[in-house]
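The sequence shown begins at 0 in numbering that gives the first Met the number 0 and counts up by one. For each residue, glycine too, the CB sits at the ideal point set by N, CA and C.
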Amino acid sequence: MDKFELLKQYFGHDSFRDGQENIIDNISSGRDALCIMPTGGGKSICYQIPALMSDGIAIVISPLISLMKDQVTSLNQNGIRAAYINSTLTPAQQSRAIYNAMRGEYKLIYVAPERLEAPAFLNLCNSIKISLIAVDEAHCVSQWGHDFRPSYLKIADFISKLDNRPVISAFTATATDTVKRDILNLLGLKNPFEITTGFDRKNLFFAVKRPQRKQKELLAIVSEHKNQSGIIYCATRKNVEKVSDFLNENGYDSLIYHAGLSNEIRSKNQDDFINDRCNLIVATNAFGMGIDKPDVRFVVHYNMPKNMESYYQEAGRAGRDGEPSECILYYEPRDVRTNRLFIENGEENSELDEETRKIVKERDLERLKQMTFYCFTSECLRQYILNYFGEKSSSYCGNCLNCQTQFEEVDITLEANTILRCLDALDWNYGAATGIDIVHGGKSQKILGKNLDKNPEYAVLSERTVPRLRQILRELQFREYVEEKGEQYPVICLTPEGKAFMETEELLVMKLPKEETEKKSESKEKKNRRKKGVVAAELSEKDAELFESLRELRREIASEEKVPPYMVFADKTLAGMCVMRPATLDEMLEVSGVGEHKLEKYGDRFLEILRKG
């Protein structure tokens, strides 16, 4: 069968997404490939179809056991023979999988990079015909990447030990130019086809917020997305448990996920979330890589991540099905200090020498600075993200909080110099809040008791609002005129750049939200689509009732087969059934997302519901 026949038979689609066909053609012709595609862009099909077109077995190297399990389950659901070999299998199960592989019963075998070092696995690979090696999450090979895995450095050595070198393809969703070069060199790709299909996820709404009461703000978001799936990321295990307890106390059931839990609890909580037994999960960054759940409607970062790569990968777990979804980041200064602490005191990597560790730390601190700038910028958030990854974009996307906020150009020269002079007159033993209190004319016991009201800049800015003064101070941090030092008790102080600015007569202008922040109005239809999703919003009332009946059948089948509901049929496929109203199996095959294998398994049961509807 050709690529289009395979796409329809096993995946139920009539056409490829952007870039997929080009990648498949190059890999199938025997050429190595480096493919950078956004989350939800359909990377898996780009190596799965070449695997089906070949007469050998494809080896897929994947960093996480949960990812392998999901991919293999999904392939088997589509009628494709696949298996994984990892530590969750008993010795007898591993032997059985190897025996089946040697008999040619699989088209794809998923393994962790650590498996490549096992002599038994190398012997297996040299006794079968390997058509392709696909390296998923390939950024893990780079020590400059955000998720470096030393085991990925062993991949090239494994390939060199194979009797016959197969085609090598590498896939990732996020990679800077430095990481791209590492992937090419460290995996030993030969004259590869390179493609970047774009980093933009147009269906995602981005926002950075600085709420005074984060828990109250979080409740509002969860309430807005009631009965929809959401992920809330926290920087520490303590915060994960605190936020989850708060949600549970306020009537929203939530699960937790962090490295301090047992494997059994983590596995159960992840399965409950993926299988829609609970809509909310609160987690550290230990959760999520490779999670294929397509209907996550919102991702909240309760704390700021330490770099843009981590943020975009985690935020990108929203809206994998292409429907409108929200990515909200809460920023507060302590997040910078927490991340700096992680970087300064992070676990030393035994694979790196002392000099390299120092370079890695410096680069991590620079990436933390770029992440912080994202939280400060008043420009288009989408543009900032895309520019970071080297992709040019419009300065106005219309689908981020900054683009929907009315800003005004404000001369803050007076305020900036007043704050800088105030800090210069202090002995650097006070935090940012105290500095703001002084220039605003605060009369707290701390101010009066320490004679801080004698500061020459005391009350000079008493007519400005405290929120506005905080915004200006953040701008001074953004421009590196001031910085916070210290970990447990951070203090604010001038930098050499700040002192130099004070000695000039340079004007300082910044974009500030108007005092009464006004959002550009959204139409009722657009709000409905964003909150409910395109699928639900575009169906008629009658079709929406049928849609829910089909979803109920899907849940029933998923429970019977012990698979996530989306592995039976995606929401878009169910919506397609509602609109097209197929009356026969042949007509149902015309619905996007219905392949021959699933048609044979489920077709009659869904037709029965459709005929009643």
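- Ala-415 is the residue among Thr-464, Asn-450, Ala-415 whose C-alpha sits nearest the C-alpha of Phe-477.
- Within 10 angstroms of the beta-carbon of Gly-259 lie fewer than 16 other beta-carbons, which makes it exposed.
- Around Lys-368, the same chain offers no residue with a beta carbon nearer than 6 Å, after the five sequence neighbours per side are excluded.
- According to the DSSP secondary-structure assignment, Ala-169 is paired through a beta bridge with Leu-33, Val-134.
- Pairing Lys-237 with Thr-376, the inter-Cα distance amounts to about 29 Å.
- Between Ser-392 and Glu-378, the gap from beta carbon to beta carbon reaches 8 Å or more.
- When the Cα atoms are used, Lys-208 and Tyr-330 turn out to be separated by approximately 6 Å.
- For the alpha helix (DSSP H) assignment, the uninterrupted runs of no fewer than 4 residues enclosed by the stretch 263-335 are, from N- to C-terminal side, 307-314.
- Each residue's CA atom was taken as its position, placing Ser-43 and Lys-292 some 14 Å apart.
- The way I'd put it, the stretch 153-160 does touch the stretch 183-190; three or more beta-carbon pairs between them come closer than 8 Å.
- Taking C-beta atoms as the reference points, Gly-39 and Gly-229 fail to come closer than 8 Å.
- Taking a C-beta distance under 8 Å as the contact criterion, Lys-179 and Leu-5 do not qualify as a contact pair.
- Residues of the same chain with a CB within less than 6 Å of the CB of Pro-563, apart from the 5 flanking positions on each side, are Ile-273, Asn-274 in chain order.
- Ranked by Cα distance from Gln-93, the first of Ile-79, Ile-108, Arg-467 is Ile-108.
- Under the DSSP assignment, Leu-6 falls outside any beta strand (DSSP E); it carries neither an H nor an E label.
- DSSP, read as helix, strand or coil, puts Met-52 in helix.
- Here the alpha carbon of Asp-570 sits roughly 53 Å from the alpha carbon of Gly-434.
- Going by C-alpha positions, Ala-172 is about 21 Å away from Ser-27.
- With at least 16 other beta carbons inside 10 angstroms of its own, Gly-594 counts as buried.
- Counting every other CB atom within 10 Å of its CB across the protein chains shown gives Arg-102 a total below 16, marking it as exposed.
- Going by DSSP, Val-508 is part of the beta strand (DSSP E) stretching over 508-512.
- In the same chain as Phe-192, and ignoring 5 residues on each side of it, the C-beta atoms closer than 6 Å to its own belong to Asn-25, Arg-30, Ala-32, in chain order.
- Around the C-beta of Gly-441, 16 or more other C-beta atoms lie within 10 Å, and the residue is accordingly described as buried.
- Beta-bridge pairing by DSSP links Lys-484 to Val-490.
- By the neighbour-count definition (other C-beta atoms within 10 Å, threshold 16), Leu-506 is an exposed residue.
- Within the DSSP bridge table, the entry for Leu-107 names Ala-57, Ala-81 as partners.
- Residue state for Leu-203 is assigned as strand, using DSSP reduced to three classes.
- For Phe-192, the enclosing beta strand (DSSP E) covers residues 192-195.
- Sixteen is the threshold: since fewer than 16 other Cβ atoms of the shown chains lie within 10 Å of the Cβ of Arg-604, the residue is exposed.
- When the alpha-carbon of Glu-551 is set against those of Leu-538, Ala-206, Val-567, the nearest one is in Val-567.
- Shown here, Gly-229 sits in a strand according to DSSP, grouped into three states.
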